[in-house]
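For the sequence shown, the residue numbers in my numbering are 8 to 127.
Glycine included, C-beta positions come from ideal geometry on N, C-alpha and C.
For reference, the structure is listed below as structure tokens.
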Amino acid sequence: MARVLIVDDAKFMRMTLTNILQKGNHTVVGEAENGRKAVELYRELKPDIVTMDITMPEMTGIEAVKQIKAIDPQAKIIMCSAMGQQKLVVEAIEAGAKDFIVKPFDENRVLEAIHRVFEK
């Protein structure tokens with residue numbers, strides 16, 4: 008069972024992910040609506056996994072990945088992208104993200120990604 012920090016600027020997306028993760032018996036330890044808050048909460052909560060939206064106000068998901076990896080090189084981050092953001096996903100993986108899931112979220116795909124990243 009993973010402790011997960013959900014980062015997305017859309018409340019609806021955070022709620023959707025929370026529901027999926029709770030069904031999969033994971034615990035949502037926090038939510039952030041932008042990259043800056045994500046970095047703060049990562050420091051504070053030390054989650055097992057972060058689901059990170061790519062496009063957000065104040066600080067992008069890619070910037071947040073770089074900052075979180077600087078704090079904790081072992082951080083496990085899964086990017087959440089909309090269709091057509093492949094270039095950004097590649098950038099995020101290069102910055103240290105471990106996997107990605109595409110919106111709209113498929114429940115099985117989300118839980119598989121969490122499981123795969125958590126087990127590594």
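Drop a sphere of 10 angstroms on the beta-carbon of residue i, count the other beta-carbons inside from all chains shown, and report buried for 16 or more, exposed for fewer.
i      : result
His122 : exposed
Ala82  : buried
Asp113 : exposed
Thr34  : exposed
Flag this pair as yes or no: are the beta carbons of residue i and residue j separated by less than 9 Å?
i      : j      : result
Val36  : Pro54  : yes
Met86  : Ala99  : yes
Lys105 : Met20  : no
Ile27  : Val117 : yes
Where does the unbroken alpha helix (DSSP H) through residue i begin, and where does it stop?
i      : result
Thr25  : Lys18 to Lys30
Glu114 : Glu114 to Glu126
Do you know offhand how far residue i's Cα is from residue j's?
i      : j     : result
Gly103 : Ile84 : 8 Å
Would you identify the three-state DSSP class for residue i, choosing helix, strand or coil?
i     : result
Ala77 : helix
Ala39 : strand
Could you check whether the Cβ of residue i sits closer than 9 Å to any Cβ belonging to chain C?
i     : result
Thr23 : No chain C is present in this structure, which holds just one protein chain.
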